[in-house]
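Visitor:
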Amino acid sequence: MRKEHKTIGGYIELQLPEGQEHYPSFIKLNTGRNALEYLLRIKKYTLVYLPYFTCEVLLEPLRRLSIPYRFYRIDRHLDPVIDFELEENAVLLYTNYFGIKQDTVHELSRTVKNLIIDNAQAFFHPPVTGVDTFYSCRKFFGVPDGAYLYTESNTRLSLESDISVYRFSHLIKSIDLSIETGYHDYLKNNIILGNNPIKKMSVLSQRILSGINYEDCCSIRNANFQHLHQALGPINQLPINLVPIDGPMVYPLVIDQSDARKELIAKKIFVATYWPNVLEWASGDLFEHYLTRHLLPLPVDHRYGTRDMDHMIKTVRSLL
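Letter by letter, the sequence shown follows residues 1 to 320 in the UniProt record's numbering.
1. So if DSSP puts S66 in a beta bridge, which residue, or which two residues, is it bridged to?
2. State the Cα-Cα distance for the pair T54 and H294, rounded to the nearest angstrom.
3. Start and end of the beta strand (DSSP E) containing K139?
4. I240 to F71, Cα distance in whole Å?
5. Note down the Cα distance separating T292 from Q121, rounded to an integer number of angstroms.
6. Enumerate, from N- to C-terminal direction, the unbroken alpha helix (DSSP H) stretches of 4 or more residues contained entirely within the stretch 28 to 109.
7. Which residue marks the beginning of the alpha helix (DSSP H) containing A266, and which one marks its end?
8. Indicate the three-state DSSP secondary structure (helix, strand or coil) for V300 in the structure shown.
9. Is it the case that the Cβ atoms of E18 and L209 are separated by a distance below 7 Å?
10. Counting only runs that start and end within the stretch 110 to 135, where is the beta strand (DSSP E) found for 3 or more residues in a row?
11. Should G194 be labelled buried (16 or more other beta-carbon atoms within 10 Å of its own) or exposed?
12. Short check: CB of V91 to CB of Y45, under 7 Å?
13. Between the beta-carbon of L279 and the beta-carbon of V271, is there less than 7 Å?
14. What do you get for S153, buried or exposed, if any count of 16 or more other CB atoms within 10 angstroms of its CB means buried?
15. Tell me the rounded alpha-carbon separation between E88 and L108.
16. Tell me, please, whether the stretch 143 to 151 touches the stretch 79 to 87 by the rule of three or more beta-carbon pairs shorter than 8 Å.
17. Could you pull the DSSP bridge partners for Y274 from this structure?
18. Give me whichever residues DSSP pairs with P252 in a beta bridge.
19. Take the Cβ of Y11 as the centre, count every other Cβ of all protein chains shown within 10 Å, and call the residue buried at 16 or more, exposed below.
20. Below 8 Å, can you find three or more Cβ-Cβ pairs linking the stretch 57 to 69 to the stretch 172 to 180?
21. Please report how far the alpha carbon of K173 lies from the alpha carbon of F287, in whole angstroms.
22. Can you list, in chain order, the residues of its chain with a C-beta nearer than 7 Å to that of A282? Leave out the 5 residues immediately preceding and following it.
23. At which residues does the beta strand (DSSP E) containing L149 begin and terminate?
24. I need the boundaries of the alpha helix (DSSP H) containing L193, first residue and last residue.
25. Which residues bound the alpha helix (DSSP H) around S318?
26. Near C218, which residues of its chain fall below 7 Å by C-beta distance, leaving aside the five closest residues on each side in sequence?
27. How close, in whole Å, do the beta carbons of E60 and R41 come, if the pair is a contact with beta carbons under 8 Å?
28. When the Cα of I191 is compared with those of T31, L319, Y49, which residue comes out closest?
29. Exposed or buried, what is T7 when buried is set at 16 or more other beta-carbons lying within 10 Å of its beta-carbon?
What follows is the structure in structure tokens.
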């Protein structure tokens, strides 16, 4: 069958920089939760251990596949409390929290046979060789969908490509209008992506991800993180080791100020809650419950510089 030639002429299309994705050889999928489902389908695990402190969307693939799951605790260093024996066909899922737990990832890779690493918050940390790892692009870059999956398995699922043109409005509005104007569309996009079937990453997202200066994005995150830690480290209840950190998602500040989140949002410093579902899953005496209530994930991404960090530092100090 003759291959149809590309269209010549017509209107000028949207022009995006051409380059290379950060993980060009990885499996390209539409969402992080679907990357997890992909793994579960090809690995045939019969039980999943996952932390109390995680996003509830990770339960979607488990419920779809009717795979039982059990929760485990983390300690005040965000390390897993493994006070149980991992069954033969069970798997431990660990989150590289905020992109600051690479040392723990390496340690687990040496001690846990069946391991999945959730690097949704650690885009710039490469996977440990042989350890199944998935990434979420939307948490780091302005794309309507996108996830990467690293696995040594040769099994591949046959998938159709996602189409994200109708989930792009919040990104356009963020440029032409404002972040606030596009927020409603952003929430709608999140709902649409919920319980979405596994598909290949959309061509639109791949094109955007091929034009990003990843080195700059990573170095800016590092500089902003270090600037915040130098100023706020002494009051941060969360121990942080700067050495293994590279391109973190946020600066995780934990302070015992119950109204701090509300006050920051009122001053247009938008800090998310990681994660509301944890308050239902974990009892009030667990560290995860305290962490959800008192964690302030301060933005450190490539949109911001030293002046923005200083503004956040000043604002946080005013709350103490």
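Each residue gets a CB set at the ideal place from its N, CA and C atoms; glycine is no exception.
Guide: The short version:
1. In DSSP, S66 forms no bridge with anything.
2. 15 Å
3. It is not in any beta strand (DSSP E) - K139 carries neither H nor E in the DSSP assignment.
4. 24 Å
5. 16 Å
6. 32 to 43, 59 to 64
7. 260 to 266
8. coil
9. no
10. 115 to 118
11. exposed
12. yes
13. no
14. exposed
15. 17 Å
16. no
17. Beta-bridge pairing links Y274 to no other residue.
18. P297
19. exposed
20. no
21. 38 Å
22. Y52, E288, H289
23. 147 to 150
24. 179 to 193
25. 306 to 319
26. F124, D246, G247
27. That pair is no contact at about 13 Å.
28. T31
29. exposed
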